[in-house]
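Under numbering that gives the first Met the number 0, the first residue of the sequence shown carries the number 0, and numbering increases by one thereafter.
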Amino acid sequence: MKPFSHLVLAGLLVLAAGTLAAQTIDDAAQGRTDLALGKPVVGAPICKPGEEASKAVNGKIASKTQDKFCTQQRPGWLRVDLQRPTAVSGFTIKHAGAGGEPVSMNTRAFKLRVSPDGKAWKTVVTEDRNTASVTQHRIATQQVRYVELDVSEPTQTDDPATRIYELEVW
Ligand SMILES: [Ca+2]
């Protein structure tokens with residue numbers, strides 16, 4: 000083998016190792032257990048059948064009509080019951096764009112409140128001008144039973160509908 004080939008081979012090995020490392024980190028990040036998946040959930044009145052609050056914790060984002068929670072109430076809200084106090088350190092919210100809808104429909108302003116008992120509530124996340132389709136919010140790890148999403152500005156425009164494809168708790 001010529002020296003040049005050795006260099007190419009070494010380069011490929013470095014590339015392969017880098018890809019493997021990145022993949023491992025990515026898997027770890029995505030390997031979080033979604034504590035809200037399939038849990039009891041209530042929310043503001045829905046836009047139409049198929050867009051119930053439960054669709055925000057069904058683990059799916061494929062369907063624009065069956066996998067999201069939609070409400071036109073303002074403020075819009077959604078409350079998940081983890082059923083017992085659970086160590087929570089963050090949230091991932093999948094907004095309209097994550098479900099393939101226009102990013103102009105992404106939730107603009109919202110808060111996340113948590114409670115260990117349904118009585119004492121604490122606001123742990125405040126977002127005033129989000130534009131992203133997927134948002135992640137890390138908090139100091141704490142014991143949480145209820146998680147509530149409160150939406151004050153549902154979209155980037157005057158479209159009044161809140162669209163949440165998934166509210167993940169981790
Ligand atoms: Ca969903």
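All C-beta atoms in this analysis are idealised placements derived from N, C-alpha and C, irrespective of residue type, glycine included.
Of all the options the options, which has the alpha carbon lying nearest to the alpha carbon of residue i?
i	options	result
T130	T64, T106 and T32	T106
Q253	A119, E100 and R137	No answer is possible for residue 253: the residues shown for the chain start at 0 and end at 169.
L36	D66, C46 and K47	D66
D127	P115, P159, S151 and G30	S151
W169	F90, G117 and G42	F90
D33	G42, V41 and K59	K59
T125	R162, T161 and T134	T134
F109	I163, V40, W120 and A119	I163
P74	A86, A43, S114 and D157	A43
D149	V123, I138 and A119	V123
Quick one: what's got a C-beta closer than 8 Å to residue i's C-beta in the same chain, skipping five residues either side?
i	result
S132	K93, H94, A95, G96, A97, V102 and N105
I24	With a pLDDT of 44 at I24, under the threshold of 50, the modelled position of that residue is not reliable, and no figure is offered here.
Here's a check: name, in chain order, each residue in its chain whose Cβ is nearer than 6 Å to the Cβ of residue i, leaving out the five neighbours to either side.
i	result
S88	T140
To which residues of the same chain is residue i closer than 7 Å at the C-beta, ignoring the five residues directly before and after it?
i	result
E167	D33, A35, F90 and T91
D26	For D26, the pLDDT reaches just 42, beneath the cut-off of 50, and the residue's location in the model is therefore unreliable, although a value from the coordinates is still provided. Here the set comprises nothing.
H136	G89, F90, L111 and V124
Only counting runs of 3 or more residues, tell me where the beta strand (DSSP E) segments fall wholly within the stretch 21 to 75, in order along the chain.
The DSSP assignment places complete beta strand (DSSP E) segments of no fewer than 3 residues inside the stretch 21 to 75 at 40 to 42 and 68 to 70, in order along the chain.
Restricting to runs no shorter than 3 residues, where is the beta strand (DSSP E) found entirely within the stretch 68 to 136?
Counting whole runs of 3 or more residues, the stretch 68 to 136 contains the beta strand (DSSP E) stretches 68 to 70, 75 to 94, 108 to 114 and 121 to 126.
Under 8 Å: do the stretch 64 to 83 and the stretch 45 to 52 share three or more Cβ pairs, one atom per stretch?
These segments touch.
When the Cβ atoms of the stretch 68 to 75 are set against those of the stretch 138 to 147, are three or more pairs found closer than 8 Å?
In short, these stretches do not touch, since the Cβ pair count stays below three.
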